[in-house]
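0 is the number of the first residue of the sequence shown in numbering that gives the first Met the number 0; add one for each residue after it. We treat Cβ as the ideally placed atom computed from N, Cα and C, and that holds for glycine. Note that this is a predicted model, so its numbers are computed, not measured. Notes to accompany the following structure.
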Amino acid sequence: MTHEQSILVVGGAGYIGSHTVRQLVDSGQKVVVLDNLVYGHREAIVDESVVFVEGDLGDRAVLDRVFTQHHIGAVMHFAAFAYVGESVTEPAKYYQNNLAAPLVLLDAMRAHGVNIFIFSSTCATYGNPEYMPLDENHPQNPINPYGASKLMLERVLADYSHAYGLKYAALRYFNASGCSEDGKIGEDHNPETHLIPLVLEAAAGTREKIIIFGTDYPTPDGSCIRDYIHVHDLARAHILAIQQLADGAASFQCNLGTGIGHSVKELISEAERVTGKQIPVEIGERRAGDPPELVAAPAKAKELLGWEAEYKDLTKILETAWAWINGPRQGHF
Ligand code: UFG
């Protein structure tokens, strides 16, 4: 892996992908983005040096073209579907895009002699927590097709690593959050289901209210606890992971989280402080499949990558998300 080679970022026009692309470019790396723009946004790729290819990760002809035309040294894969609820009602969509399509990508990589792969995995592969915080040895028993599709691909990667010498990192994200410090790019899902953007939209008045999904959980204030990890920190971990693998490290899996949990109620209060607005709240029913608490044990990432979250303060995370909602994202409403 040299700086003459490019990194192929599949899903580079999406939320986490686009932040990683910017950091790659800032570190002097050449980047090719492949994105089908089903959920991604072309305008999220702000650097002109990036080569953008519109296409699907399961399209072998497009992949052959990309691998032939560009000198690709490694692949980062951010192009999974990630709506947990939808994965339950439309599992075929998830197994197709999150499992079958990446198999085509991995085949194309083998055919073109590319063997470094960074995979966006998830804490959803652990399923219902048996203990807290979650370390990487926690049993992986996902409770929805989204988590299952991610775990299946992790298994594929382990087997390909063993048999074909693929070098991979499976990075298990906790709750991706926040936006770029300069407010230029950020979280823009359609439909939006994630807590932080919904809370901030309620603060901005573009959403009537936020519904808290359950206040009868066995947590101190009864609402669910999550580990919110800033997208800048996630992106940084990808760059460190690719360097490690390129320098000869063995394949690995690790959590990416802060190790700090915040409840839904706590987050809403903090958002009120950050925005200076009163946020209309309604207490609703529990959402199916929500574990009471998901917090990472982040030690392995520190040990392997020298990585730990820089954004450990929820206030800062909310400030970056608020700057984005009031800035470029406004035009998207
Ligand atoms: N929540 C609400 N009201 C809302 C939206 C969310 O109370 O309107 C609560 C949820 O119940 C949960 C917390 O806010 O307790 C966070 O919910 P998000 O939907 O923002 O995130 P999740 O924790 O459900 O999901 C995240 C990732 C998924 C991943 C999952 C792992 O977005 O991709 O973690 O469990 F699968």
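- In this model, VAL50 and PHE77 are separated by some 17 Å (Cα to Cα).
- Closest by C-alpha distance to ARG272, out of ILE241, HIS18 and LEU313, is LEU313.
- The alpha-carbon of PRO128 is positioned some 44 Å away from that of THR67.
- Ranked by Cα distance from ALA175, the first of ALA107, VAL87, ARG225 and ARG109 is ARG225.
- Near the ligand UFG, meaning a Cβ closer than 6 Å to any of its heavy atoms, lie the following residues in chain order: ALA81, VAL83, THR121, CYS122, ALA123, TYR145, ASN174, THR192, HIS193, LEU194, LEU197, ILE209, ILE210, ILE211, PHE212, CYS223, ARG225, VAL263, ARG286, ASP289 and LEU293.
- Closest option to ALA81, judged by alpha-carbon separation, among GLY72, ASN254, GLU42 and LYS92: LYS92.
- Annotated as proximal: LEU293 and CYS122, with beta-carbon spacing under 8 Å.
- LEU7 is a Cβ neighbour of LEU33, given a cutoff of 8 Å.
- By the neighbour-count definition (other C-beta atoms within 10 Å, threshold 16), HIS188 is an exposed residue.
- Rounded to the nearest angstrom, the gap between the Cα atoms of ASP25 and GLY13 is 18 Å.
- THR1 sits exposed, since fewer than 16 C-beta atoms from the chains shown fall within 10 Å of its C-beta.
- Secondary structure note for LYS166: it is in no alpha helix (DSSP H), and the uninterrupted beta strand (DSSP E) holding it is 166 to 172.
- In this structure, the CA atom of ILE267 is about 7 Å from the CA atom of ILE278.
- Taking C-beta atoms as the reference points, GLU186 and ALA322 fail to come closer than 8 Å.
- Judged by beta-carbon spacing, LYS166 lies within the 8 Å limit of ASN114, meaning their Cβ atoms are closer than that value.
- The C-beta distance from VAL61 to PHE116 rounds to 18 Å, too long to fall under 8 Å, and the pair is not in contact.
- Setting aside the 5 residues that flank it on each side, ASN143 is surrounded in the same chain by VAL83, SER86, VAL87 and GLY288, each with a C-beta closer than 6 Å to its C-beta; the list follows chain order.
- The straight-line gap separating the alpha-carbon atoms of ILE228 and ALA296 is approximately 13 Å.
- Note that the segment 241 to 261 does not touch the segment 202 to 217; fewer than 3 beta-carbon pairs, one per stretch, sit closer than 8 Å.
- Excluding five sequence positions before and after ALA79, the CB atoms of its chain that fall closer than 6 Å to its own CB belong to ASN97, given in chain order.
- The alpha-carbon of LYS149 is positioned some 21 Å away from that of LEU239.
- Between the alpha carbons of ARG235 and LYS301 lies a gap of roughly 12 Å.
- In the three-state DSSP reduction, ASN96 falls in the helix class (H, G or I).
- Secondary structure at CYS223: coil, using DSSP grouped into helix, strand and coil.
- Per the DSSP secondary-structure output, HIS237 pairs with nothing in a beta bridge.
- A residue is called buried once 16 or more other Cβ atoms fall within 10 Å of its Cβ, and ASP181, having fewer, is exposed.
- Taken in chain order, the complete alpha helix (DSSP H) segments of 4 or more residues contained in the segment 124 to 201 are 144 to 163.
- Between the C-alpha atoms of VAL155 and VAL280 there is a straight-line separation of about 43 Å.
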